[in-house]
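Asks: Residue numbers (my numbering), protein chains in the order written: chain A, 13 to 298; chain B, 13 to 298; chain C, 13 to 298; chain D, 13 to 298.
Quick one: this structure, given as structure tokens, is what I'll be asking you about.
There are 4 protein chains.
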Amino acid sequence: MSNRKPYQLVSREWKKENTEFTVNGVTIGRDLLMIAGPCAVENREQITTISEYLSKLNVKFLRGGAYKPRTSPYSFQGLKTEGLQLMREAADKFGLGVVSEILSIDKISELEEYADILQVGTRNMQNYPLLKALGKSKRPILLKRGMSSTIEEWLLAAEYIVSSGNEKVILCERGIRTFENATRNTLDIAAIPLVKSLSHLPIILDPSQGTGIRDLVAPVSSAAIAAGADGLIIEVHNQPNEALSDGDQSLYLDQLKDLLPTLKQIAHIREKRFDFESNAYQYSTQ
Amino acid sequence: MSNRKPYQLVSREWKKENTEFTVNGVTIGRDLLMIAGPCAVENREQITTISEYLSKLNVKFLRGGAYKPRTSPYSFQGLKTEGLQLMREAADKFGLGVVSEILSIDKISELEEYADILQVGTRNMQNYPLLKALGKSKRPILLKRGMSSTIEEWLLAAEYIVSSGNEKVILCERGIRTFENATRNTLDIAAIPLVKSLSHLPIILDPSQGTGIRDLVAPVSSAAIAAGADGLIIEVHNQPNEALSDGDQSLYLDQLKDLLPTLKQIAHIREKRFDFESNAYQYSTQ
Amino acid sequence: MSNRKPYQLVSREWKKENTEFTVNGVTIGRDLLMIAGPCAVENREQITTISEYLSKLNVKFLRGGAYKPRTSPYSFQGLKTEGLQLMREAADKFGLGVVSEILSIDKISELEEYADILQVGTRNMQNYPLLKALGKSKRPILLKRGMSSTIEEWLLAAEYIVSSGNEKVILCERGIRTFENATRNTLDIAAIPLVKSLSHLPIILDPSQGTGIRDLVAPVSSAAIAAGADGLIIEVHNQPNEALSDGDQSLYLDQLKDLLPTLKQIAHIREKRFDFESNAYQYSTQ
Amino acid sequence: MSNRKPYQLVSREWKKENTEFTVNGVTIGRDLLMIAGPCAVENREQITTISEYLSKLNVKFLRGGAYKPRTSPYSFQGLKTEGLQLMREAADKFGLGVVSEILSIDKISELEEYADILQVGTRNMQNYPLLKALGKSKRPILLKRGMSSTIEEWLLAAEYIVSSGNEKVILCERGIRTFENATRNTLDIAAIPLVKSLSHLPIILDPSQGTGIRDLVAPVSSAAIAAGADGLIIEVHNQPNEALSDGDQSLYLDQLKDLLPTLKQIAHIREKRFDFESNAYQYSTQ
Chain A
13 MSNRKPYQLV SREWKKENTE FTVNGVTIGR DLLMIAGPCA VENREQITTI
63 SEYLSKLNVK FLRGGAYKPR TSPYSFQGLK TEGLQLMREA ADKFGLGVVS
113 EILSIDKISE LEEYADILQV GTRNMQNYPL LKALGKSKRP ILLKRGMSST
163 IEEWLLAAEY IVSSGNEKVI LCERGIRTFE NATRNTLDIA AIPLVKSLSH
213 LPIILDPSQG TGIRDLVAPV SSAAIAAGAD GLIIEVHNQP NEALSDGDQS
263 LYLDQLKDLL PTLKQIAHIR EKRFDFESNA YQYSTQ
Chain B
13 MSNRKPYQLV SREWKKENTE FTVNGVTIGR DLLMIAGPCA VENREQITTI
63 SEYLSKLNVK FLRGGAYKPR TSPYSFQGLK TEGLQLMREA ADKFGLGVVS
113 EILSIDKISE LEEYADILQV GTRNMQNYPL LKALGKSKRP ILLKRGMSST
163 IEEWLLAAEY IVSSGNEKVI LCERGIRTFE NATRNTLDIA AIPLVKSLSH
213 LPIILDPSQG TGIRDLVAPV SSAAIAAGAD GLIIEVHNQP NEALSDGDQS
263 LYLDQLKDLL PTLKQIAHIR EKRFDFESNA YQYSTQ
Chain C
13 MSNRKPYQLV SREWKKENTE FTVNGVTIGR DLLMIAGPCA VENREQITTI
63 SEYLSKLNVK FLRGGAYKPR TSPYSFQGLK TEGLQLMREA ADKFGLGVVS
113 EILSIDKISE LEEYADILQV GTRNMQNYPL LKALGKSKRP ILLKRGMSST
163 IEEWLLAAEY IVSSGNEKVI LCERGIRTFE NATRNTLDIA AIPLVKSLSH
213 LPIILDPSQG TGIRDLVAPV SSAAIAAGAD GLIIEVHNQP NEALSDGDQS
263 LYLDQLKDLL PTLKQIAHIR EKRFDFESNA YQYSTQ
Chain D
13 MSNRKPYQLV SREWKKENTE FTVNGVTIGR DLLMIAGPCA VENREQITTI
63 SEYLSKLNVK FLRGGAYKPR TSPYSFQGLK TEGLQLMREA ADKFGLGVVS
113 EILSIDKISE LEEYADILQV GTRNMQNYPL LKALGKSKRP ILLKRGMSST
163 IEEWLLAAEY IVSSGNEKVI LCERGIRTFE NATRNTLDIA AIPLVKSLSH
213 LPIILDPSQG TGIRDLVAPV SSAAIAAGAD GLIIEVHNQP NEALSDGDQS
263 LYLDQLKDLL PTLKQIAHIR EKRFDFESNA YQYSTQ
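Rendered as structure tokens:
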């Protein structure tokens with residue numbers, strides 16, 4: 013851990029205490045942030061079914077892609093504005109916050125209208141004009157790590173947003189690209205505590221993109237919280253086998269439910285408030 | 013080499029013969045395309061000195077960054093419009109074509125005004141809204157490989173541009189990210205013949221970004237042409253040790269001159285017309 | 013997860029239940045296996061001090077290198093036979109099992125004499141003559157993952173040992189080599205549950221080699237057990253700053269003590285018996 | 013290129029002029045070293061047919077595996093002593109030198125009896141006891157780069173051999189492991205000139221292992237010589253489609269013949285004597 017760091021505003025040296033901010037009743041950076049939902053919004057029934065289920069589990073945030081950055085121009089590119097509208101409608105009905113991806117500057121105002129948190133995907137982590145523009149937004153930014161970005165480059169990407177005026181940045185480890193292809197990416201678990209030591213920003217983990225394999229989501233989610241992560245973003249689908257994208261890595265709804273008790277126990281050890289369970293668990297801030 | 017390819021318009025199956033198009037007198041895809049210039053335009057004297065030197069070597073294309081995608085928000089971000097103006101002025105004076113990087117959709121028309129070829133950098137290879145917008149441009153697009161992109165993802169990025177209407181795409185291998193840090197990136201030399209077999213698009217190589225070490229530029233440039241590359245894009249500077257960026261990998265002007273005779277010999281073997289020498293070398297198309 | 017697997021004897025298809033075997037009172041594969049000790053045995057005082065401390069924590073296994081595979085021929089190569097003797101002496105005094113690395117076939121009988129578990133290091137994971145010879149040993153083999161080996165290659169290396177006659181193989185994830193150099197290696201946390209699903213062999217994790225940073229050892233150890241690991245191998249030293257090798261990643265003895273209560277809590281959740289604490293925790297086999 | 017290098021005897025600082033030594037009439041380090049042959053010796057007819065063909069092309073070295081390090085214990089492991097005998101017999105009949113792989117210390121004397129050059133494969137590059145033992149051999153050692161080894165680690169492996177007494181080391185770049193799986197490995201072409209600047213040892217390239225694709229062998233071989241390589245080791249087979257191993261990357265015999273004229277032209281530019289052609293090309297040492 014070098015002493016000369018090229019980033020400033022996001023560093024622990026700049027600010028000792030954790031950055032915390034509250035969205036939809038969850039104090040991100042202190043409580044455990046649970047985000048779940050489908051890879052892409054597909055239709056009203058899908059997104060409503062999933063939202064209702066999440067609300068019953070007391071998961072407070074719905075994820076869903078409306079503008080999808082697909083590797084092939086011939087793949088499903090998302091429902092766009094309609095997708096955002098369907099997601100907002102379902103989220104409002106069940107009291108959820110909305111997280112969705114922003115691909116270009118010209119869509120920022122639309123995303124701000126429909127979403128509570130704007131996600132920058134792995135392919136745009138070094139899209140600097142976009143990062144600067146998001147520095148002018150009032151919405152928190154979920155900044156995924158570039159699939160081949162070093163931790164330093166990632167923190168510098170966050171520095172672009174913060175130095176442009178927006179301090180509400182949530183980092184998200186989503187796996188890096190390596191020679192190993194048994195999993196879709198290689199989750200860098202050590203990045204969780206390392207980033208916590210280098211920066212005051214909250215950091216969560218994406219076990220779905222990170223592994224690409226449904227059965228690995230539960231153990232890896234446990235590991236992330238044990239390592240000190242501030243939350244998780246998990247892909248779930250009411251019918252994974254019929255999903256238009258990423259079905260293999262999406263949990264069945266019941267699998268999400270089954271996952272929560274263990275996560276709760278580990279979060280308890282880490283003194284993270286577990287917002288999606290009964291309010292009995294009210295830990296003092298660590 | 014799998015039989016089922018997810019790209020179509022850029023594939024050899026779609027079009028057997030090489031894509032060729034002429035810019036500033038050079039028939040790209042047939043002649044050897046030589047592009048040289050500084051990492052960033054810094055001032056009139058710098059860009060004029062370099063341009064004059066290139067014209068004497070008969071190198072027909074000037075590269076130079078005006079909008080620079082820098083890892084840190086605190087690094088020099090380029091002269092922007094002024095940089096483009098200075099570059100166009102110098103290029104016009106010495107009969108050069110201009111290659112410069114495009115970072116966002118809102119700058120496309122400006123870049124089209126000042127540059128002959130628009131470069132998409134490694135960080136934007138999967139910026140799909142930008143690629144689609146460039147598909148509407150009349151200018152050729154120099155598409156650098158993402159630093160952690162597979163060849164398939166790279167060809168799919170080209171497919172985004174071509175399927176949006178612009179067939180003039182030049183691929184550029186610039187090294188991938190690996191564990192080896194003796195060089196800045198690891199140049200994937202096999203990508204040259206592999207891409208030539210998979211696609212009809214021209215492909216060039218960037219030995220400067222690819223190695224990050226000045227003394228490796230000459231031998232790696234020779235290797236690229238020997239492997240069948242359609243050209244090179246090389247960083248040169250009149251005062252590398254005072255360059256605002258990438259000085260360590262920039263050739264001195266005299267080093268560029270010294271490099272050319274060997275390249276000419278290898279290009280001759282590969283039956284590539286060597287446009288930057290006397291017009292005595294007029295090979296028939298291979 | 014492909015259906016056609018090239019390995020057989022180590023696969024879950026071949027044997028459904030976990031492989032378990034008892035060494036020094038610990039049932040590996042069922043209990044939590046805790047191994048700790050210095051990178052290299054340096055002298056009697058060092059190894060005795062560490063051994064005594066481990067015994068007080070009820071950690072049952074002492075690690076220590078006597079034959080060290082060093083990248084440079086000019087680095088400390090280990091105390092060899094003398095190191096093994098010192099380690100055995102200290103271990104016997106405090107009731108510990110010994111784990112040490114084997115580098116070549118001609119040293120197997122010596123290692124068998126002094127050590128309870130023979131470790132194959134990352135550089136020898138594909139040293140097939142050595143693996144075959146270890147298949148004839150009565151000692152359990154701790155098989156570290158090659159630093160650039162896929163999970164499939166790793167399981168095939170285990171298959172070499174098992175198919176040669178030795179079923180007592182413990183796999184050890186120790187990080188893979190990637191572009192990220194903020195940590196010494198990138199720990200592949202998903203490998204833990206993935207290997208548990210593919211194979212019946214026990215798997216542990218090395219947070220010291222895996223991160224190379226002392227402060228990351230505790231959170232990463234917690235993550236490993238949360239992910240389902242069967243144990244940990246941790247570098248500790250009585251004077252890390254004066255260690256002859258790997259001091260930066262070695263825990264102070266007190267740090268090891270401080271780490272254990274959290275590990276105990278997470279092991280409890282995973283129903284792993286915690287042998288190094290009071291015998292109060294006697295879980296039924298999962 | 014750091015100034016403080018951990019290796020000494022293999023460095024250019026230690027010895028300015030190229031290391032050169034003559035085997036079977038070829039002065040390695042000055043002439044172009046061409047080695048060709050099958051992945052594995054399979055039977056007398058195969059190795060005799062190939063040897064005769066090589067002798068007609070004036071290729072002076074036959075490669076062939078007798079002890080094969082296979083990823084699976086169930087794959088063909090080589091003909092062992094019989095394979096060495098068949099290879100020596102065929103080589104002697106047609107005036108060829110023999111290159112074959114050494115896997116363990118106890119086979120060194122056997123290999124020395126049958127082979128002129130002993131090859132250390134990629135999996136054994138950090139098998140230090142083996143390297144030290146080979147430092148006592150009179151035979152030159154062909155040291156392949158570890159598939160995930162840095163250039164520094166590779167030169168340190170060579171330092172193990174040289175510091176143990178054997179100065180005749182030939183380095184061989186054979187591709188490193190990266191995320192790209194369109195090719196078997198990623199050939200690090202910049203390693204050729206970089207190693208030439210760092211070390212006085214000869215360096216050759218393996219385009220067959222390096223790419224894993226037959227059609228890429230010719231262009232990549234040209235690139236290697238253009239980059240300054242001292243030679244090539246190429247897999248050829250009289251019946252690639254029936255080869256017991258590595259058939260997909262083995263050239264047909266006629267493809268080897270067709271490859272040579274272009275290599276000769278590029279070697280001429282690089283002032284490497286082309287030993288496998290007529291003796292007309294006698295360049296002075298560079």
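Built from N, CA and C at the ideal position, the CB exists for glycine as well.
Using a 10 Å radius around the Cβ and a threshold of 16 neighbouring Cβ atoms, would you call Glu-299(D) buried or exposed?
Replies: Nothing in the structure corresponds to residue 299(D), since chain D is present only between 13 and 298.
Asks: If we ignore side chains and look at the alpha-carbon of each, how far apart do Tyr-293(B) and Val-132(B) end up?
Replies: Since pLDDT at Tyr-293(B) reaches only 35, below the 50 mark, its modelled position is unreliable, and the value read off the structure follows with that caveat. The alpha-carbon atoms of Tyr-293(B) and Val-132(B) are separated by roughly 31 Å.
Asks: Can you tell me which of Gly-41(C), Glu-54(C) and Gly-158(C) puts its alpha carbon nearest to the alpha carbon of Glu-29(C)?
Replies: If we check each option's Cα against that of Glu-29(C), Gly-41(C) comes out closest.
Asks: What residues in its chain sit with their C-beta under 7 Å from that of Pro-141(D), if we drop five residues either side in the sequence?
Replies: Result list for Pro-141(D): Ile-117, in chain order.
Asks: Which of the three DSSP states is assigned to Tyr-264(A) in this structure?
Replies: Looking at Tyr-264(A) - three-state DSSP - the assignment turns out to be strand.
Asks: Are Ser-160(A) and Arg-189(A) closer than 9 Å when you measure CB to CB?
Replies: Yes, the pair counts as a contact, with Cβ atoms nearer than the cut-off.
Asks: Quick check on Pro-205(C) - is its C-beta less than 9 Å from some C-beta in chain D?
Replies: Not an interface residue.
Asks: When we look at the beta-carbon of Lys-150(B) and count the other beta-carbons within 10 Å, is it buried (16 or more) or exposed?
Replies: Lys-150(B) comes out exposed.
Asks: In its own chain, which residues sit with a C-beta less than 6 Å from the C-beta of Gln-298(D), not counting the 5 before and 5 after it?
Replies: Residue placement at Gln-298(D) is flagged as unreliable, the pLDDT there being 31, under the threshold of 50; the coordinate-derived value follows with that caveat. These residues qualify, in order along the chain: Glu-283.
Asks: Between Leu-98(C), Gln-221(C) and Thr-162(C), which lies nearest to Leu-263(C) when the distance is taken from Cα to Cα?
Replies: Per the Cα distances, Gln-221(C).
Asks: Establish whether the CB of Thr-297(B) and some CB of chain A are separated by less than 9 Å.
Replies: Confidence at Thr-297(B) is low in this model, with a pLDDT of 32, below 50, so its placement is unreliable and no value can be given for it.
Asks: Could you tell me the boundaries of the beta strand (DSSP E) in which Ser-112(C) lies?
Replies: Where Ser-112(C) is concerned, the enclosing beta strand (DSSP E) stretches over 109–113.
Asks: On a Cα-Cα basis, can you pick out the residue from Glu-171(C), Asp-218(C), Leu-228(C) and Asn-139(C) that is closest to Ser-23(C)?
Replies: Ranking Glu-171(C), Asp-218(C), Leu-228(C) and Asn-139(C) by Cα distance to Ser-23(C) puts Glu-171(C) first.
Asks: In chain B, which residues lie with their C-beta within 9 Å of the C-beta of Thr-195(C)?
Replies: Here the premise fails: no neighbours, minimum Cβ distance about 12 Å.
Asks: In whole angstroms, what separates the C-alpha of Gln-138(B) from that of Phe-286(D)?
Replies: Spanning the two alpha carbons is a distance of roughly 45 Å.
Asks: Touching or not, the segment 75–82 of chain C and the segment 52–63 of chain C, by the rule of three or more beta carbon pairs under 8 Å?
Replies: Touching, yes, given that three or more Cβ pairs across the two stretches are closer than 8 Å.
Asks: Checking the sheet assignment: what are the DSSP bridge partners for Phe-33(D)?
Replies: Phe-33(D) pairs with Ile-40(D).
Asks: Could you tell me if Gly-177(B) is buried or exposed, where buried requires 16 or more neighbouring beta carbons within 10 angstroms of its beta carbon?
Replies: Gly-177(B) comes out exposed.
Asks: Just the Cα atoms here: how many angstroms apart are Asn-70(A) and Ile-278(A)?
Replies: Between Asn-70(A) and Ile-278(A), the C-alpha separation is close to 18 Å.
Asks: If you compare alpha carbons, which of Glu-32(D), Gln-58(D) and Val-35(D) is closest to His-249(D)?
Replies: Cα-wise, what sits closest to His-249(D) is Gln-58(D).
Asks: Does the beta-carbon of Glu-125(D) have 16 or more other beta-carbons within 10 angstroms, so that it is buried, or is it exposed?
Replies: Label assigned to Glu-125(D): exposed.
Asks: Using only the alpha-carbon positions, how far apart do Asp-260(C) and Pro-219(C) sit?
Replies: Straight-line Cα distance between these residues: approximately 13 Å.
Asks: Please say whether Ala-239(C) and Ala-235(A) have beta carbons closer to each other than 9 Å?
Replies: Yes, these two residues count as a Cβ contact at 9 Å.
Asks: Leaving out the 5 sequence neighbours to the left and right, which residues in its chain are closer than 6 Å to Asp-104(A) when beta-carbon positions are compared?
Replies: None.
Asks: With a CB to CB cut of under 6 Å and the five nearest residues on each side skipped, what residues in its chain are close to Thr-83(D)?
Replies: Around Thr-83(D): no qualifying Cβ.
Asks: Taking only beta-carbon positions, decide if Asp-270(C) is within less than 9 Å of chain D.
Replies: It does not: the Cβ of Asp-270(C) has no partner Cβ on chain D nearer than 9 Å.
Asks: Would a check of beta-carbon distances place Glu-247(A) closer than 9 Å to chain C?
Replies: Judged by the 9 Å Cβ criterion, Glu-247(A) is not in contact with chain C.
Asks: If you reduce the DSSP assignment to three classes, tell me which class Arg-135(A) lands in.
Replies: Helix.
Asks: Can you list the residues of chain B that Phe-191(C) reaches, using a CB-CB cut of under 7 Å?
Replies: Under the 7 Å cutoff, chain B gives Arg-189, Thr-190 and Phe-191.
Asks: Determine the extent of the beta strand (DSSP E) in which Met-46(A) is found, giving its start and end residues.
Replies: Element bounds for Met-46(A): 45–49.
Asks: Any C-beta of chain D within less than 9 Å: which residues of the segment 201–233 of chain C qualify?
Replies: Answer set for the segment 201–233 of chain C: empty.
Asks: For Ala-169(D), which of Thr-198(D), Asn-136(D), Ser-121(D) and Ala-194(D) has the nearest alpha-carbon?
Replies: Closest option to Ala-169(D), Cα to Cα, is Asn-136(D).
Asks: Mind checking the segment 152–175 of chain C against chain A and listing, in chain order, the residues whose C-beta falls within less than 8 Å of any C-beta there?
Replies: The residues in question are Ser-160, Thr-162, Ile-163 and Glu-164.
Asks: Please classify Gly-90(D): does DSSP put it in a helix, a strand, or coil?
Replies: It is coil, neither helix nor strand.
Asks: Grouping DSSP H, G and I as helix and E and B as strand, with all else coil, what is Thr-61(C)?
Replies: In the structure shown, Thr-61(C) sits in a helix (DSSP, three-state: H, G or I).
Asks: Give the DSSP-derived three-state secondary structure of Val-248(C) in the structure shown.
Replies: It is a strand residue.
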